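Protein chains: 2
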Amino acid sequence: MTRMSDLRPIDCTACPIRHRAVCARCDAAELDQLAAIKTYRNFSAGAQIMQRGAPLEFVASVVTGVVSLSKTLEDGRIQTVGLLLASDFIGRPERVAIDFDVTATTDVVLCCFQRANFKAMLDCTPHLSHRLLEMTLDELDAARDWMLLLGRKTARERLASFFELLALRAQPALAVGWTPRIELPLSREETANYLGLTLETVSRQLSQLKAQGILEFHDRRHFSVLDRAKLQAATGSEEKSYPTV
Amino acid sequence: MTRMSDLRPIDCTACPIRHRAVCARCDAAELDQLAAIKTYRNFSAGAQIMQRGAPLEFVASVVTGVVSLSKTLEDGRIQTVGLLLASDFIGRPERVAIDFDVTATTDVVLCCFQRANFKAMLDCTPHLSHRLLEMTLDELDAARDWMLLLGRKTARERLASFFELLALRAQPALAVGWTPRIELPLSREETANYLGLTLETVSRQLSQLKAQGILEFHDRRHFSVLDRAKLQAATGSEEKSYPTV
DNA sequence: CGCTTCCTTGAGTAAATTCAAGACTTGTGG
DNA sequence: CCACAAGTCTTGAATTTACTCAAGGAAGCG
Numbered sequence: 178m179t180r181m182s183d184l185r186p187i188d189c190t191a192c193p194i195r196h197r198a199v200c201a202r203c204d205a206a207e208l209d210q211l212a213a214i215k216t217y218r219n220f221s222a223g224a225q226i227m228q229r230g231a232p233l234e235f236v237a238s239v240v241t242g243v244v245s246l247s248k249t250l251e252d253g254r255i256q257t258v259g260l261l262l263a264s265d266f267i268g269r270p271e272r273v274a275i276d277f278d279v280t281a282t283t284d285v286v287l288c289c290f291q292r293a294n295f296k297a298m299l300d301c302t303p304h305l306s307h308r309l310l311e312m313t314l315d316e317l318d319a320a321r322d323w324m325l326l327l328g329r330k331t332a333r334e335r336l337a338s339f340f341e342l343l344a345l346r347a348q349p350a351l352a353v354g355w356t357p358r359i360e361l362p363l364s365r366e367e368t369a370n371y372l373g374l375t376l377e378t379v380s381r382q383l384s385q386l387k388a389q390g391i392l393e394f395h396d397r398r399h400f401s402v403l404d405r406a407k408l409q410a411a412t413g414s415e416e417k418s419y420p421t422v
Numbered sequence: 178m179t180r181m182s183d184l185r186p187i188d189c190t191a192c193p194i195r196h197r198a199v200c201a202r203c204d205a206a207e208l209d210q211l212a213a214i215k216t217y218r219n220f221s222a223g224a225q226i227m228q229r230g231a232p233l234e235f236v237a238s239v240v241t242g243v244v245s246l247s248k249t250l251e252d253g254r255i256q257t258v259g260l261l262l263a264s265d266f267i268g269r270p271e272r273v274a275i276d277f278d279v280t281a282t283t284d285v286v287l288c289c290f291q292r293a294n295f296k297a298m299l300d301c302t303p304h305l306s307h308r309l310l311e312m313t314l315d316e317l318d319a320a321r322d323w324m325l326l327l328g329r330k331t332a333r334e335r336l337a338s339f340f341e342l343l344a345l346r347a348q349p350a351l352a353v354g355w356t357p358r359i360e361l362p363l364s365r366e367e368t369a370n371y372l373g374l375t376l377e378t379v380s381r382q383l384s385q386l387k388a389q390g391i392l393e394f395h396d397r398r399h400f401s402v403l404d405r406a407k408l409q410a411a412t413g414s415e416e417k418s419y420p421t422v
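Protein chains in written order, with our numbering: chain A, 178 to 422; chain B, 178 to 422.
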């Protein structure tokens, strides 16, 4: 449950998240600079990556796996406030501490940068700081979508929205009628914490979506969407259809 | 209810939000550049500033007043996803459209920058892009706090958290025992939309906080905190006490 | 194979919502 | 200046939704 052995650095040009991570716009010289301050680290599922309030010695990109950000109230209520996937960025270069816990939900590989060094490099590398700004704005948009979900959606709508999101990520090109096997990277309890529900409510709503022929489960962590239109209709949101870029 | 007449540009060095807005780090030459592309605009309370999905021709700093960002579901449910105060920034320089409505909650003065020009300036002005990154990260932190509130807090805790927030903003220096008159910039319905509740629940919880001697109302929009400790205790959160910068 | 953990389902409860009525504010025109 | 109208807010009663508590079942691990 703790950190596994660190990995040997690999060449940035061969990196799987090269074109989407914070370094996406960097040129060869800049990549060399980053390579000099980077370290790969492995975390096994369930391991804590950073702790709320603790001094933060590094920032990182998620290379593989799923990372969750969560907040806990005194009496133990937990709310997951972000789910980070491959290429997402963890940490605030300017801050020594963050206000949530960072946990590896699956086995995770991070590309870590020593915080002070990264910060110094940000100041003189517009390719880096612009990309980070862009990624942060995207996170903010996602956070606001989640606020709508948490503040106004019913349990059924929350589940449908979440599974619609998973489906969109797993299947970016919309091959209509084609229903691939998609991974659910969270347990029922983690799903509940992300959706602001209890695990029993999550389970009940999933049973209902199954019974209605909208979702099909292969095992606890793998499903297919049988009726994409009905799933979309159950989210409560309309599809976005205007230009954003 | 629509836009009032535009104002004549004022000198940036005399600007009330000079040291906190997106331009905070700009030097004299950079301020001149910004001044060349800025326009002040007035909006009266209730006016819509930007509409979801509509092409966005400007970005802006809030000079005075309160601006709300909100999302609406097809059936009319509304969730406010952000409350912007003096010096906060509106808009995404890289995007032609945004995914929420922007409304003037009180009378508002904006310092608007033509979007394309602002974007061009961002690319070659690190003072500007770094400040914007910092402000965006702060917004993201605030959004995540709100996700905890919306996902896990009770109605009473939501109200207490909101009024604690208003008190903190109005009274940054903690003069203990001193209870100034604080403005509530939202109606009951707007408060409900911000807290993910109904207006009736908001009203009931406020009555209870009044009855318990925690809050006192002078009129609908003005209150004092009579018992700061009890208010803090009712928020459900502990106070933050670790370094963040 | 047995244990542990995770998940499902059921029954009763609690919290917030909906529906409804009435009171208070605020602004307007007589 | 007062009366009235419109909007906003408060309070009550009934309802709904999701939660809590509880038990049993399925899956994963040693």
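Glycine residues also receive a C-beta, built at the ideal position from the N, C-alpha and C atoms.
If you're wondering where the values come from, they're calculated on a predicted model, not measured in any experiment.
Check: CB contact flag (V239 of chain A, D265 of chain A, <7 Å); Outcome: yes
Check: C-beta contact flag for A344 of chain A and T412 of chain A at 7 Å; Outcome: no
Check: Contact with chain A by A205 of chain B, beta-carbon distance below 7 Å; Outcome: no
Check: Where the beta strand (DSSP E) containing K248 of chain B begins and where it ends; Outcome: V244 to T249
Check: Contact set between the region 192-225 of chain A and chain B, restricted to residues whose Cβ is under 8 Å from the partner; Outcome: none
Check: Environment of P303 of chain A [buried if 16+ CB atoms lie within 10 Å]; Outcome: buried
Check: Extent of the continuous beta strand (DSSP E) run through D396 of chain A; Outcome: L392 to D396
Check: Pair within 7 Å by beta-carbon distance, L310 of chain A and L310 of chain B; Outcome: yes
Check: Other residues of its chain near A198 of chain B: CB distance less than 6 Å, five sequence neighbours each side excluded; Outcome: S238 and S264
Check: Cβ of G268 of chain B within 7 Å of any chain A Cβ; Outcome: no
Check: Spatial distance of A144 of chain A from R218 of chain A (CA atoms); Outcome: Because residue 144 of chain A is not part of the residues shown, which for chain A are 178 to 422, the question remains open.
Check: Beta-carbon contacts of T249 of chain A that lie in its chain and below 6 Å, excluding the five residues immediately before and after; Outcome: I255
Check: Any 3 or more C-beta pairs closer than 8 Å across the region 324-332 of chain B and the region 320-339 of chain A; Outcome: yes
Check: Coil, strand or helix - F339 of chain B by DSSP; Outcome: helix
Check: Given 8 Å, three or more beta-carbon pairs between the region 275-290 of chain A and the region 219-231 of chain A; Outcome: yes
Check: Three-state class that DSSP yields for H399 of chain B in the structure shown; Outcome: strand
Check: Chain-ordered neighbours of G253 of chain B on chain A, where CB pairs are closer than 8 Å; Outcome: Going along chain A, no residue has its Cβ under 8 Å from G253 of chain B, so there is no contact; the nearest lies around 10 Å.
Check: For S170 of chain A, the three-state DSSP class (helix, strand or coil); Outcome: Outside the modelled stretch of chain A, which goes from 178 to 422, sits residue 170 of chain A, for which no answer is possible.
Check: Pick from B:R229, B:C289 and B:R272 that is closest to C189 of chain B, judged by C-alpha positions; Outcome: B:C289
Check: Inside the region 285-346 of chain A only - alpha helix (DSSP H) runs reaching at least 4 residues; Outcome: 292-300 and 303-329
Check: Cα-Cα separation, D300 of chain B to P193 of chain B; Outcome: 26 Å
Check: Chain B contacts made by the region 323-351 of chain A, where a contact means CB separation under 8 Å; Outcome: W323, M324, L325, L327, G328, R329 and K330
Check: Within 9 Å of chain B by C-beta, residues of the region 300-317 of chain A in sequence order; Outcome: D300, C301, P303, S306, H307, L309, L310, E311, T313, L314, E316 and L317
Check: Within-7 Å CB hit, A320 of chain A to chain B; Outcome: yes
Check: Straight-line gap, E415 of chain B to D252 of chain A (C-alpha atoms, nearest Å); Outcome: 10 Å
Check: Collapsed DSSP secondary structure at K387 of chain A in the structure displayed; Outcome: helix
Check: Assigned secondary structure, L374 of chain A (DSSP; H/G/I helix, E/B strand, else coil); Outcome: coil
Check: 7 Å Cβ cutoff, A281 of chain B in contact with chain A; Outcome: no
Check: Inter-residue CB distance, H395 of chain B and S306 of chain A (contact presumed, cutoff 8 Å); Outcome: That pair is no contact at about 46 Å.
Check: Neighbouring residues, chain A, relative to L250 of chain B (Cβ below 7 Å); Outcome: R329, G413 and S414
Check: Whole-number beta carbon distance between V402 of chain A and L392 of chain A, since they are thought to touch under 8 Å; Outcome: 6 Å
Check: Assigned secondary structure, K417 of chain A (DSSP; H/G/I helix, E/B strand, else coil); Outcome: coil
Check: Spatial neighbours of K407 of chain B in its chain, beta-carbon cut-off 6 Å, leaving aside the 5 residues before and after; Outcome: I391
Check: For F266 of chain B, the residue or residues it bridges with in DSSP; Outcome: B:S238
Check: Supposed contact pair L260 of chain A and I267 of chain A - C-beta distance, whole angstroms, cut 8 Å; Outcome: About 12 Å separates the two Cβ atoms, so there is no contact after all.
Check: Bounding residues of the alpha helix (DSSP H) (the contiguous stretch that carries R405 of chain B); Outcome: R405 to A411
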